[in-house]
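> Just passing along the structure, written as structure tokens.
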Amino acid sequence: MSDPTHTARRTVLAAGAAALAGGALTACGSDGETTPQGQSNASASAPAASGAPTAATPESGAAGADVLVKAADVPKGGGTVLKEQKLVVTQPTAGSFRCFTAVCPHQGCLVNKVENGSIDCPCHGSKFAVADGAVTKGPATKGLAEKKIKVAADGNISLA
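Per the numbering used here, the sequence shown starts with residue 69, numbered consecutively.
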């Protein structure tokens with residue numbers, strides 16, 4: 069005859085092992101759905117707008133807008149990472165400015181530098197083009213989401 073105590077113990081042990089295995093798999097599996105700060109990364113992984121990308125050029129009147137950076141502070145062929153705003157502003161060619169999220173779509177890390185025509189993520193080595201935010205080196209599979217900006221005649225760059 070079987071002892072009901074052994075069956076209950078086996079059931080409890082099996083359920084506990086399944087719960088532990090499920091928790092371990094959940095902790096290991098990440099697709100970039102959350103940032104290191106635990107915030108949703110849905111906006112960071114959104115693809116850039118379809119169609120031909122457009123660059124911001126100096127225009128008059130950016131009154132009332134929060135200035136991100138001065139055009140003179142964005143190197144030609146490079147860019148500037150704005151950590152607090154989680155943005156990166158680039159100047160692929162003289163007088164042409166672009167803005168992208170600084171949140172890498174791979175795992176949610178912030179990119180940390182712009183050099184040699186590349187926006188670089190320090191966490192896993194992903195690289196993105198300064199001209200359009202496209203992936204030039206993985207593991208990221210999506211480019212940086214573009215943000216619309218405007219450049220005032222006085223050189224102030226702000227979100228559009």
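Note that the Cβ used here is the ideal one computed from N, Cα and C, for glycine as well. Given the structure is predicted, the values throughout are model-derived calculations rather than measurements.
In its own chain, which residues sit with a C-beta less than 7 Å from the C-beta of Gly193, not counting the 5 before and 5 after it?
Excluding positions up to five away in sequence, the list reads Lys205.
> What residue range is occupied by the uninterrupted beta strand (DSSP E) comprising Glu183?
Lys181 to Glu183 is the span of the beta strand (DSSP E), which, as asked, contains Glu183.
> So, under 8 Å CB-CB, Thr148 and Val157 are touching, yes? Tell me the CB distance rounded to an integer number of Å.
Right, their Cβ atoms sit about 5 Å apart.
> State the Cα-Cα distance for the pair Cys49 and Ala162, rounded to the nearest angstrom.
No information on residue 49 is available, as it lies outside the stretch 69 to 228 that the chain covers here.
> Between Ile187 and Val171, how many whole angstroms is the CB-CB distance? I'm expecting something under 8 Å.
That belief does not hold up - the Cβ atoms of Ile187 and Val171 are roughly 11 Å apart, past 8 Å.
> Which value, in whole angstroms, describes the spacing of the CA atoms of Asp134 and Ile217?
Going by the C-alpha atoms only, they are around 11 Å apart.
> Evaluate Pro143 with the Cβ neighbour count: other Cβ atoms within 10 Å of its Cβ, from every protein chain shown; 16 or more gives buried, anything less gives exposed.
Pro143 is exposed by the Cβ-count criterion.
> Applying the 10 Å Cβ sphere with the 16-neighbour rule, what's the burial state of Ala221?
Label assigned to Ala221: exposed.
> Tell me whether Ala140 sits in a helix, a strand or coil according to DSSP, three-state version.
Helix at Ala140.
> Determine the burial state of Ala140: buried for a count of at least 16 other Cβ atoms within 10 Å of its Cβ, exposed for fewer.
Exposed, by the Cβ-count rule.
> Cα separation between Ser164 and Gly146?
Near 11 Å, if we compare the C-alpha coordinates of Gly146 and Ser164.
> Do you know offhand how far Gly176's Cα is from Gly223's?
Going by the C-alpha atoms only, they are around 30 Å apart.
> Answer with buried or exposed for Ala228, where buried requires no fewer than 16 other C-beta atoms within 10 angstroms of its C-beta.
Burial call: exposed.
> Note down the Cα distance separating Pro160 from Pro207, rounded to an integer number of angstroms.
For Pro160 and Pro207, the distance between alpha carbons rounds to 23 Å.
> Report the partner residues of Glu214 according to the DSSP bridge assignment.
Glu214 is bridged to Phe168.
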